[in-house]
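Written out as structure tokens, the structure is:
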């Protein structure tokens, strides 16, 4: 049953990603990306990552995609006309190299991972749940990176306002 | 229990599709979307491996990757808006001057 859910979500994710690549209209690409992100959230849930599931839906499928769709509509972007050289040599070589890259990142699968050393064992998950375990880690050993992430978001906010202003 | 190989293969497929998208598309906003797709693929492999290894570190890295992705999307889209104001184009191959 879980495997069937996984294959359904994986199929929708790959179809959405193909939609991002192939649609000429940027709005259709954005909707394909939303489909990919929602089905990836389902995969996260199947991997017992409830917190990541929720923030994937809220941050990615909600906020980031809302921002992208907002900018597409703000700029009133029409359909992308095909490039003059559809099969330019650079593109063909690039896609070939991307295929090679795919093969290259599949190679590590032949090696076996050993050692399940982490603290998120089945008993710990049953006792406190993965969200509480995650927050204990986030506000304990990972407190400094957490604060740096908040500063990064502030810098992104200020940078976006500064860049989008009419007169710098 | 989802086998690790399935999730990692899905992650590899999505990442490669993102790379191909960055290489073949011209629209800057679609390029940004393909970058988001690649970040999502990496997040998937983090989640799958942290599930496989019983470790919370992968989930924490996903949290930070999402922070970076949100900041990147906001700044990138602001750059696109100012690019359209300055040059009136959204095609990456028409923006080829260091000083315009």
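Residue numbers (the numbering used here), protein chains in the order written: chain A, 1 to 168; chain B, 1 to 100.
Even glycine gets a Cβ: it sits at the ideal position worked out from N, Cα and C.
Everything numeric in this text was worked out from a predicted model, so none of it was measured.
Distance CB(residue 156 (chain A))-CB(residue 75 (chain B)) smaller than 8 Å: yes
Span of the alpha helix (DSSP H) around residue 10 (chain B): 4-24
CB contact check: residue 96 (chain B) to chain A, cutoff 8 Å: no
Residue 40 (chain B) beta carbon less than 8 Å from that of residue 40 (chain A): yes
Element boundaries [alpha helix (DSSP H), containing residue 50 (chain A)]: 50-55
Rounded C-alpha distance that separates residue 12 (chain A) from residue 37 (chain A): 10 Å
Under the three-state DSSP convention, the category residue 27 (chain B) falls into: strand
CB contact below 8 Å: residue 92 (chain B) versus chain A: no
Per-residue DSSP class, three states only, for residue 91 (chain B): strand
Contacts that residue 30 (chain B) makes with chain A (C-beta to C-beta distance below 8 Å): 20, 26, 29, 80
For residue 64 (chain B), the nearest candidate out of A:43, A:146, A:165 (CA to CA): A:146
Assumed close pair residue 61 (chain A), residue 33 (chain B) - CB separation to whole angstroms, cut-off 8 Å: Not a contact, Cβ separation roughly 13 Å.
Residue 45 (chain B), buried or exposed, once every other Cβ within 10 Å from all chains shown has been counted against 16: buried
CB contact check: residue 67 (chain B) to chain A, cutoff 8 Å: yes
Min CB distance residue 42 (chain B) to chain A below 8 Å: no
Residue span of the alpha helix (DSSP H) that contains residue 61 (chain A), given as start and end: Residue 61 (chain A) -> no alpha helix (DSSP H), and no H or E assigned at all.
Cβ pair count under 8 Å reaching 3, the region 9-26 of chain B against the region 89-106 of chain A: yes
Local conformation of residue 140 (chain A) per DSSP, three classes: coil
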